[in-house]
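For the record, the sequence lines run as chains C and D. Here the first sequence stands for residues 235 to 709, where the numbers follow the numbering used here. Here the second sequence stands for residues 22 to 312, where the numbers follow the numbering used here. We treat Cβ as the ideally placed atom computed from N, Cα and C, and that holds for glycine.
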Amino acid sequence: MIFNSLTFLVFVAVFLPVYFNLKGRNRLIWALAGSYLFYGWWDWRFLSLIAISTMVDFYLGSKMHVEDDERKRKQLLLASMVLNLGLLGFFKYFGFFTDSFVAMLQNFGLNPSIHTLNIILPVGISFYTFQSMSYTIDIFRKKLTPEPDVLRFATFVAFWPQLVAGPIVRASDFLPQFRKDHNFEWNRFTSGIAQVLWGFFKKVAVADSLSPIIDQCFGEPNAFASIYLLIGVVFYSFQIYCDFSGYSDIAIGFARMLGFDFPHNFRTPYFSKGFSEFWRRWHISLSSWLRDYLYISLGGNRKGNVKTYRNLMLTMLLGGLWHGANWTFVFWGFLHGLYLMVERFWSKSFGAIMDFLRFPKALKLTINLLLVYFFTCFAWIFFRSPDFGTAMEVINGIAGLEGFNAVNIMNKFIVMKGVMLISFLLVVEISDLKWNWGEVVLRNPVFRVASFAVLLWMIAFFGTFGSNAFIYFQF
Amino acid sequence: MKNLTWILAVLILAFVGDRAGAWLLGTITQQSQFRYSRLYNGAAACDVLLIGNSRGLIFYQPYIEEKTGLSTTNISYNGLPMDLASVLVKDFIDKNGAPKLLLVDVTMLDKRMDERLLTGFNLYVPDSDRLSKLMEEKYPTSYFGGQVSNLYRYNSEVFQRALYYWNRSDKDWLLDRVISPTMQANAAYLDSFDYDYSPEMLNDLADLLQFTEGKNIKVELVINPYYPPFAEKIGNLGTLKEAIKNATQKEVLDYSNSIQGVEGFGDYQHLNKTGAKAYLDMLIEDGVLDY
Chain C
235 MIFNSLTFLV FVAVFLPVYF NLKGRNRLIW ALAGSYLFYG WWDWRFLSLI
285 AISTMVDFYL GSKMHVEDDE RKRKQLLLAS MVLNLGLLGF FKYFGFFTDS
335 FVAMLQNFGL NPSIHTLNII LPVGISFYTF QSMSYTIDIF RKKLTPEPDV
385 LRFATFVAFW PQLVAGPIVR ASDFLPQFRK DHNFEWNRFT SGIAQVLWGF
435 FKKVAVADSL SPIIDQCFGE PNAFASIYLL IGVVFYSFQI YCDFSGYSDI
485 AIGFARMLGF DFPHNFRTPY FSKGFSEFWR RWHISLSSWL RDYLYISLGG
535 NRKGNVKTYR NLMLTMLLGG LWHGANWTFV FWGFLHGLYL MVERFWSKSF
585 GAIMDFLRFP KALKLTINLL LVYFFTCFAW IFFRSPDFGT AMEVINGIAG
635 LEGFNAVNIM NKFIVMKGVM LISFLLVVEI SDLKWNWGEV VLRNPVFRVA
685 SFAVLLWMIA FFGTFGSNAF IYFQF
Chain D
22 MKNLTWILAV LILAFVGDRA GAWLLGTITQ QSQFRYSRLY NGAAACDVLL
72 IGNSRGLIFY QPYIEEKTGL STTNISYNGL PMDLASVLVK DFIDKNGAPK
122 LLLVDVTMLD KRMDERLLTG FNLYVPDSDR LSKLMEEKYP TSYFGGQVSN
172 LYRYNSEVFQ RALYYWNRSD KDWLLDRVIS PTMQANAAYL DSFDYDYSPE
222 MLNDLADLLQ FTEGKNIKVE LVINPYYPPF AEKIGNLGTL KEAIKNATQK
272 EVLDYSNSIQ GVEGFGDYQH LNKTGAKAYL DMLIEDGVLD Y
């Protein structure tokens with residue numbers, strides 16, 4: 235089931251009233267049943283994967299907690315990792331590694347006959363396996379005590395608002411919230427609705443309106459002149475941001491309505507002055523997961539410069555691979571790893587040059603913002619392209635500076651609509667830094683009524699309907 | 022009670038704003054110089070009515086008017102499907118009176134069109150029972166959406182065009198570029214294809230022609246020119262003409278290969294201004310525009 239569908243509207247209309255009329259275990263059972271229905275609507279067979287991951291991690295977590303022998307604790311953790319990463323590896327990466335292996339052998343003149351399996355990727359598997367893994371890792375690190383109630387644990391793993399595309403919530407933050415009944419709170423509910431509406435606006439109005447232009451550009455880059463390709467890349471940077479942060483807003487908003495607090499997943503990432511800051515603002519739940527469970531496990535920045543660079547690169551390469559089974563994602567991760575390394579190496583000297591040139595503060599800030607945005611967009615080209623050939627066609631097309639001598643032209647009406655919506659988004663986000671609209675919605679009832687009505691009008695007037703799936707579902 | 026008041030306030034404001042906004046946009050649409058606004062305003066009466074998909078836009082009105090002295094209205098649109106075309110022509114005749122000549126480019130009998138196009142015409146639903154019925158039948162979700170939120174009716178490129186042409190004429194638009202060398206070179210490598218028409222589309226065309234009977238309208242069915250190397254790739258133009266003749270008892274005038282060279286083409290399927298003028302000269306010379 236996806237948020238921008240009529241089925242989901244019916245689901246919510248039934249789920250919410252029943253949820254608030256139940257208490258204790260009945261509410262948990264209802265939440266779990268709703269979550270499994272939400273997921274199973276897409277393909278009920280893959281519910282078994284969530285169930286297996288849930289049961290095994292629940293069992294291993296309990297065993298690990300009572301086990302004193304460090305070696306056995308490690309074995310239990312290893313079992314959890316093998317299971318979760320095994321499921322992820324098989325369903326997401328089996329075909330990718332097999333194809334890559336065959337291609338490598340072919341480079342050596344061999345022609346192996348290897349049968350590949352046509353495996354369907356279960357939606358959201360990357361999200362719930364990471365969430366479930368964080369539970370066993372935190373128990374291993376003795377940062378968390380195991381959850382004694384399997385029903386509560388199962389609901390934590392499958393909770394529908396964030397099940398298929400995050401945010402990836404940690405057991406230590408989220409499980410305790412299941413231990414009390416959340417009464418209906420009007421303020422929480424309205425604040426949740428505000429975030430849900432804003433998320434819908436970002437998804438159906440902004441992201442989906444930009445989609446036709448982007449699909450054209452990356453579908454046939456050779457047919458477009460540089461200016462159009464440039465528009466396509468800039469539009470993509472906003473499409474992916476609005477699509478994914480829109481999903482996060484909807485998830486966080488619904489969770490808040492139900493009584494749960496999820497952490498922020500995006501904080502105006504394109505206003506970052508550096509790449510490390512970008513990763514503190516973009517997909518925060520994943521980047522902090524990778525930092526805490528991978529980068530720090532590798533040694534973080536505690537073992538000298540060389541190893542710090544190595545750890546940064548490894549973390550970003552795996553972060554890239556997490557997004558999808560394609561070398562373009564790995565390269566996207568590589569670029570961000572490189573950006574972080576260069577920033578670490580160069581930032582002081584760069585600041586010194588700026589100071590030496592006596593650039594005004596505002597100009598320095600603008601240069602930083604534009605540089606980060608430019609290089610982020612460059613990496614997005616690889617992220618969006620189906621293969622390296624397409625990415626290079628886009629880059630060559632832009633660099634070729636062919637002006638307006640296009641084979642194909644873009645629909646100027648869609649471009650104008652896109653520019654207008656992006657401008658509106660930026661105005662809201664920039665003004666939010668000063669006024670914090672979320673707070674104003676809570677404080678001022680007149681503003682609340684007006685903003686809800688305006689968002690509803692804008693969704694009706696600008697929205698693209700027809701159940702376009704969220705981009706991050708494929709990850 | 023306070024919360025209930027709050028919910029009611031949002032719902033009332035959303036509803037009233039939706040209706041008020043739609044009324045405002047409807048007024049703008051009505052006043053627009055866009056062809057469909059003129060059509061539904063009854064301000065598009067003409068001697069020659071032209072219709073087709075994007076290929077029909079090459080019926081360049083200023084040139085026809087200059088050469089023949091006849092008034093023209095072109096209600097072609099990118100990707101226009103036959104069922105919608107039939108509704109538009111019938112509505113045109115009801116609202117503006119019968120033209121003396123109806124010129125139809127029949128290559129719009131193809132399933133490969135943007136399915137969302139029809140929903141774009143949602144904004145003219147209040148002006149047309151035929152359009153309303155077609156929308157309800159083909160795209161019930163969009164139709165229902167337009168009933169719930171009247172603003173949603175204006176959520177389309179058709180409205181953006183109505184806005185763009187609010188105070189300017191849309192009669193004078195035509196491609197003015199020449200097909201690029203890359204496209205010329207690529208033409209040889211294109212795959213062959215067939216027009217994918219359906220019996221329903223043929224019925225819609227036949228039904229339209231039946232509607233024009235007795236209204237003293239001369240109808241001409243034509244196939245507008247293609248870039249010659251591209252025309253060679255179409256496998257079933259002959260079959261299409263035959264099927265149309267069987268359905269309508271009317272001969273199709275085939276100009277698909279009538280313009281040679283590259284100078285007259287904007288791309289594979291569309292003439293540019295130069296090509297359109299040469300083609301229209303041909304139609305005038307052949308007496309197609311006589312009535």
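Close Cβ partners of V169 (chain D) (< 6 Å) along its chain, the five nearest in sequence each way excluded:
Nothing meets the Cβ criterion.
What residues of chain D sit near L492 (chain C), judged by a beta carbon separation below 9 Å?
Correct list: empty, because the minimum Cβ distance to chain D is about 17 Å.
Determine the contact status of S506 (chain C) and F512 (chain C), defining contact as a CB-CB distance below 7 Å.
Contact annotation: S506 (chain C) and F512 (chain C) have beta-carbon atoms nearer than 7 Å.
Report the option in D:N278, D:E284, D:E241, D:G285 whose CA atom is closest to the CA atom of K266 (chain D).
Put simply, of D:N278, D:E284, D:E241, D:G285 the residue whose alpha carbon is nearest the alpha carbon of K266 (chain D) is D:E241.
Quick one: which chain D residues come within Cβ less than 9 Å of G697 (chain C)?
The answer, in chain order, is Y173, N176.
To the nearest angstrom, how far is the alpha carbon of G480 (chain C) from that of K192 (chain D)?
Whole-angstrom Cα-Cα distance: 41 Å.
Contact criterion: CB-CB distance below 7 Å. Does A687 (chain C) meet it with respect to chain A?
No chain A appears in the structure shown, which is made up of the protein chains C and D.
Name, please, each residue of chain C whose Cβ falls closer than 7 Å to the Cβ of I31 (chain D).
At residue 31 (chain D) the sequence reads Val, which differs from the Ile that was named. Per Cβ cutoff of 7 Å: V683, F686, A687.
Taking C-beta pairs closer than 9 Å, name the residues in chain D that W691 (chain C) reaches, listed in chain order.
Against chain D, a Cβ distance below 9 Å from W691 (chain C) picks out A35, G38, D39, G42, S170, L172.
At a Cβ cut of 7 Å, what residues of the stretch 399 to 430 of chain C count as close to chain D, listed as they run along the chain?
From the stretch 399 to 430 of chain C, only W420 have a Cβ closer than 7 Å to chain D.
What residues in the stretch 645 to 657 of chain C bring their beta carbon closer than 8 Å to a beta carbon of chain D?
For the stretch 645 to 657 of chain C, which is checked against every Cβ of chain D, the residues closer than 8 Å are N645, F647, I648, M650, K651.
At a CB distance below 8 Å, what residues from the stretch 243 to 260 of chain C approach chain D? Give them in sequence order.
So the list is empty, because no residue satisfies the distance condition.
Where N318 (chain C) sits in the DSSP three-state scheme
The answer is helix: DSSP assigns N318 (chain C) an H, G or I state.
Under 8 Å between beta-carbons, which chain D residues line up against P679 (chain C)? List them in chain order, please.
The answer, in chain order, is W27.
Hey, could you find the ends of the beta strand (DSSP E) I244 (chain D) is sitting in?
239 to 244 is the extent of the beta strand (DSSP E) around I244 (chain D).
Taking the alpha carbon of T624 (chain C) as the point to measure from, which residue in C:C451, C:N678, C:V430, C:K436 has its own alpha carbon closest?
Nearest C-alpha to T624 (chain C): C:C451.
Nonlocal neighbours in the same chain, by C-beta distance under 6 Å from Q365 (chain C), ignoring five residues either side
So the list reads I402, once near-sequence residues are dropped.
Between which two residues does the beta strand (DSSP E) carrying T93 (chain D) extend?
T93 (chain D) -> beta strand (DSSP E) spans 93 to 95.
Given that a residue counts as buried once 16 or more other Cβ atoms are within 10 Å of its Cβ, and exposed if not, what is N188 (chain D)?
Exposed is the call here.
Would you report the Cα separation of V290 (chain C) and A485 (chain C), rounded to the nearest angstrom?
If I take the Cα positions, the gap works out to 26 Å.
Distance check for V576 (chain C) and R261 (chain C), CA to CA, integer angstroms please.
So the two alpha carbons sit approximately 51 Å from each other.
Assigned exposure category for L463 (chain C) - 16 Cβ within 10 Å defines buried:
Classification of L463 (chain C): buried, given that the 10 Å Cβ count is 16 or more.
Buried versus exposed, by CB contacts within 10 Å (16 or more), W614 (chain C)
The residue in question, W614 (chain C), is buried, as its Cβ has 16 or more Cβ neighbours within 10 Å.
Since L34 (chain D) and A687 (chain C) should fall inside the 8 Å C-beta cutoff, what is the C-beta to C-beta distance between them, to a whole number of angstroms?
Confirmed, Cβ separation roughly 4 Å.
For the stretch 227 to 247 of chain D against the stretch 283 to 298 of chain D, do three or more pairs of beta-carbon atoms, one drawn from each stretch, fall closer than 8 Å, so that the two count as touching?
Contact between the stretch 227 to 247 of chain D and the stretch 283 to 298 of chain D is present, because at least three Cβ pairs lie under 8 Å.
Look up D275 (chain D) in the DSSP assignment and say whether it is helix, strand or coil.
Strand.
Element boundaries [alpha helix (DSSP H), containing L464 (chain C)]
Start and end: 460 to 492.
Measuring from the CB of K436 (chain C), is there a heavy atom of the ligand GDP at a distance below 6 Å?
In terms of ligand content, the structure shown is empty, and the ligand GDP therefore cannot be addressed.
For D126 (chain D), which three-state DSSP category applies?
In this structure, D126 (chain D) counts as strand in the three-state DSSP scheme.
Less than 6 Å between C-beta atoms, sequence neighbours within five positions excluded: which residues of the same chain meet that for W275 (chain C)?
Hits under 6 Å: M235.
In chain C, which residues lie less than 7 Å from L182 (chain D) when you measure between Cβ atoms?
Correcting the residue identity first, residue 182 (chain D) is Arg in this sequence and not Leu. Result: F647.
I want to know whether the stretch 671 to 686 of chain C touches the stretch 25 to 42 of chain D - three or more CB-CB distances under 8 Å.
The stretch 671 to 686 of chain C is in contact with the stretch 25 to 42 of chain D.
Just reading off the alpha helix (DSSP H) that V69 (chain D) is part of, what are its end residues?
Counting along the chain, V69 (chain D) falls outside any alpha helix (DSSP H), though it belongs to the beta strand (DSSP E) covering 69 to 72.
Going along the stretch 278 to 294 of chain D in order, which residues come within less than 9 Å of chain C, judged by CB to CB distance?
Within the stretch 278 to 294 of chain D, the residues whose Cβ lies closer than 9 Å to some Cβ of chain C are D288, listed in chain order.
Under 7 Å, Cβ to Cβ, is there at least one residue of chain C near N24 (chain D)?
Between N24 (chain D) and chain C, the shortest Cβ-Cβ separation is below 7 Å.
Less than 8 Å between the CB atoms is what I'm expecting for I447 (chain C) and G652 (chain C), so what's the real figure, rounded?
Confirmed, about 6 Å.
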